[in-house]
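Below: the structure, in structure tokens.
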Amino acid sequence: MASVENKSASAVFDLSIMEMSALFAEKNLSPVEVANACLSRIGEINPKIHAFITVTADTAMAAAKASEARHLKGNALGPFDGIPFALKDNVETRGIRSTSHSKLLIDNVPAQDAHVAAKLSGAGGVLIGKTATFEFALGGPSWDLPFPPALNPWSLKHLPGGSSSGSGAAVAARLVPAAIGTDTGGSVRWPAAVCGIAGLKPTYGRISRRGVHPNTFSHDHCGPLTRTVADCAVMLGVSAGYDPFDPGSIDEPVPDYRAALTGSVAGLRIGLVTNWYRDDATTEVTAAVDAAIMVLKDLGARVEEIKLSPLSNYIDAKTTISLSELYAIHEKDLKERPEDFGYLLRTRVMAGGLIRAEDYVQAMRWRTELATEMMAEFRNFDVLATAGWLTPAEPADPDGVDFFKKRQVVTMPFSLAGIPALSVPCGFSPGGLPLAFQIASRPFDEATVLKAGDAYQRATDWHTRKPPIT
Amino acid sequence: MTRKSASREDIAVLARVAGLDFSPKHFDELVEAYRNIEPMLWRLRQGRSRADEPAHTYDPRKFMPKG
């Protein structure tokens, strides 16, 4: 098989999953050489951005060699065979330390793969390593944990969002072309938005959560982070599917998401939820989102501005549910070893201990009301759109913002509703930091958000820009 | 309606009921954390009609033996 030396290293790192897969199939590129190149690049860049907690070089090389053998025999398993990927460290991996970025699990070496890890490896993916996260996908960014917080490849003085911070940073820095994150209130879409990549939170129940450390059972999702929307479609296709051992998993057929990428949004009805960003976003975010919607309009979409309940309603309901479930998960450790928590996670968990059972139920009733209001909009619209995040990346300041007190989180409404939501890059701040918009659709209609995001990317080039660290 | 924030003594009672026996440092953290969530809980405690269902569903088929 041809080697990376036939291509410049940077050209290899710029390849999308589909381009890489085609080159593997043509025997013009070797999965072994690509895995080697990724590992070498991680060695060079990771000390600056701390995206990876654990690098799995030996298992990666074994998987890459097996993939190469399949490609040489013409027995490739599909478009993900030989593709290097990363997993957030709250996703359990057999024989590989899985810490959730916490001292509480510093020695945790699982005996089994999480369902999503097994699906990706079973599709021939090459696991390169485990990425940084906020502690248990909630407490962060923190500087008092066993590993440093990840930094943003676009500016080492800024954060890559969270909680899938390392996954976002690793993909943006072109250490790997694909990573899995988890999203309970926005933890795939926030890092995607501020790192300038695509991130998809699928429908609740679309990807199994079995083997993923829980944050909030009723809201936890896994989702892909990739440089392009089309690559999100590939990664969703291989990671989605019913798992009878996950009580939240839903038995719905997995369509061919790539087939949905027609490049056309002609006639697509978009409900633009303006009150979620025009009141609270920075001016650069508002301008970038409005410009992105104009692009979709020029491509033939029909756009109507709408208003839904204020963001604070979704945040109050979701936070009450989350803190209650979080306490149930961590109560024993909080009582027995509180010092082993980072400060931010500890304060969130302990607050959950004071929430009354009736408040939890009231929050779940509010969830019904808010989700019902949102779903009603799908009588009139195919997708809802709004900002991806309300600001550019936040500064990496240990004494900076405590996101517990930051009230406006534009990703939360779609988390609470459990519907598919995609973050797509749509510009840059004057300081050179990425900006993004979100598109959401009906339950299990990931195909429509992917189609819209892909059509936007065919008409724009924001996703092709590279951070200075590359 | 004017609402009164819970005092440290009130929070100490809530913590005791929850079985939380913290060091003074961690109790201070708890007081600060509760100050953040208390307004959220006030907003949550709105009147609802009797039949409003929570977003729980229970599908007994999910818990049948597998295989």
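Sequences listed follow chains A and B, in order. Start counting the first sequence at 9; every next residue gets the next number (the working numbering). Start counting the second sequence at 1053; every next residue gets the next number (the working numbering). Think of the CB as a built atom: it goes at the ideal place given N, C-alpha and C, for glycine as much as any other residue. Quick caveat, the model's predicted, so the values are computed rather than measured.
The alpha helix (DSSP H) that contains residue i, what's its start and end?
i                      : result
residue 25 (chain A)   : 25-33
residue 1079 (chain B) : 1076-1096
residue 206 (chain A)  : Looking at the DSSP string, residue 206 (chain A) is not in any alpha helix (DSSP H); the run it does join, the beta strand (DSSP E), is 206-209.
residue 53 (chain A)   : 39-57
residue 123 (chain A)  : 123-130
residue 465 (chain A)  : 454-467
residue 351 (chain A)  : 351-360
residue 472 (chain A)  : That residue, residue 472 (chain A), is in no alpha helix (DSSP H); it is neither H nor E in DSSP.
residue 1061 (chain B) : 1060-1069
residue 197 (chain A)  : 197-203
residue 270 (chain A)  : Residue 270 (chain A) -> no alpha helix (DSSP H), and no H or E assigned at all.
residue 179 (chain A)  : 173-180
residue 1116 (chain B) : No alpha helix (DSSP H) contains residue 1116 (chain B), which DSSP labels as neither H nor E.
residue 305 (chain A)  : 291-306
Going along chain B in order, which residues have a C-beta closer than 8 angstroms to the C-beta of residue i?
i                     : result
residue 369 (chain A) : 1106
residue 375 (chain A) : 1106, 1107
residue 331 (chain A) : 1089
residue 354 (chain A) : 1078, 1081
residue 149 (chain A) : Correct list: empty, because the minimum Cβ distance to chain B is about 17 angstroms.
residue 222 (chain A) : Per Cβ cutoff of 8 angstroms: no residues; residue 222 (chain A) is ~16 angstroms from chain B at best.
Are residue i and residue j close, meaning C-beta to C-beta below 7 angstroms?
i                     : j                     : result
residue 457 (chain A) : residue 424 (chain A) : no
residue 189 (chain A) : residue 233 (chain A) : yes
residue 309 (chain A) : residue 278 (chain A) : yes
residue 134 (chain A) : residue 71 (chain A)  : yes
residue 204 (chain A) : residue 180 (chain A) : yes
residue 463 (chain A) : residue 447 (chain A) : no
residue 256 (chain A) : residue 207 (chain A) : no
residue 150 (chain A) : residue 350 (chain A) : yes
residue 420 (chain A) : residue 337 (chain A) : no
residue 293 (chain A) : residue 398 (chain A) : yes
residue 58 (chain A)  : residue 156 (chain A) : yes
residue 171 (chain A) : residue 196 (chain A) : no
residue 215 (chain A) : residue 124 (chain A) : yes
residue 184 (chain A) : residue 401 (chain A) : no
residue 445 (chain A) : residue 297 (chain A) : yes
residue 353 (chain A) : residue 159 (chain A) : no
What does residue i pair with, by DSSP beta-bridge criteria?
i                     : result
residue 312 (chain A) : A:279
residue 94 (chain A)  : A:137, A:187
residue 160 (chain A) : A:163
residue 101 (chain A) : A:104
residue 333 (chain A) : The partner list for residue 333 (chain A) (beta bridge, DSSP) is empty, contrary to what the question assumes.
residue 262 (chain A) : Paired residues: none, contrary to the question.
residue 220 (chain A) : A:99
residue 147 (chain A) : A:143
Between which two residues does the beta strand (DSSP E) carrying residue i extend?
i                     : result
residue 63 (chain A)  : 60-63
residue 251 (chain A) : Here residue 251 (chain A) belongs to no beta strand (DSSP E), and DSSP marks it neither H nor E.
residue 229 (chain A) : 229-234
residue 446 (chain A) : 442-449
residue 431 (chain A) : 429-436
residue 186 (chain A) : 186-191
Using a C-beta to C-beta distance shorter than 7 angstroms, which residues of chain A count as neighbours of residue i?
i                      : result
residue 1064 (chain B) : Here the premise fails: no neighbours, minimum Cβ distance about 11 angstroms.
residue 1060 (chain B) : Under the 7 angstroms cutoff, chain A gives no residues; its nearest Cβ is about 13 angstroms from residue 1060 (chain B).
residue 1095 (chain B) : 324
Given that residue i touches chain B, what residues does it touch there, using C-beta distances under 9 angstroms?
i                     : result
residue 138 (chain A) : Here the premise fails: no neighbours, minimum Cβ distance about 28 angstroms.
residue 228 (chain A) : Result: empty, since nearest Cβ-Cβ is about 14 angstroms, beyond 9 angstroms.
residue 327 (chain A) : 1089, 1092
residue 255 (chain A) : 1111, 1114, 1115
residue 421 (chain A) : The contacting residues do not exist; residue 421 (chain A) stays about 14 angstroms from chain B at best.
Starting from the beta carbon of residue i, find every residue of chain A whose beta carbon is closer than 9 angstroms, and list them in chain order.
i                      : result
residue 1071 (chain B) : 339, 343, 361
residue 1067 (chain B) : 358, 361, 362
residue 1100 (chain B) : 370, 373, 374, 377
residue 1103 (chain B) : Under the 9 angstroms cutoff, chain A gives no residues; its nearest Cβ is about 10 angstroms from residue 1103 (chain B).
With a threshold of 6 angstroms, establish whether the CB of residue i neighbours any heavy atom of the ligand SAH.
i                     : result
residue 365 (chain A) : In terms of ligand content, the structure shown is empty, and the ligand SAH therefore cannot be addressed.
Cβ closer than 7 angstroms: which chain B residues qualify as neighbours of residue i?
i                     : result
residue 252 (chain A) : 1118
residue 406 (chain A) : The premise fails here: residue 406 (chain A) is roughly 17 angstroms from chain B at the closest Cβ pair, so nothing lies under 7 angstroms.
residue 451 (chain A) : Neighbours of residue 451 (chain A) on chain B: none; closest Cβ ~13 angstroms, over 7 angstroms.
Nearest chain E C-beta to residue i closer than 7 angstroms, yes or no?
i                     : result
residue 348 (chain A) : Structure shown: chain E not included; protein chains present are A and B.
Runs of beta strand (DSSP E) wholly within the region 365-419 of chain A (minimum 3 residues, chain order): 391-395
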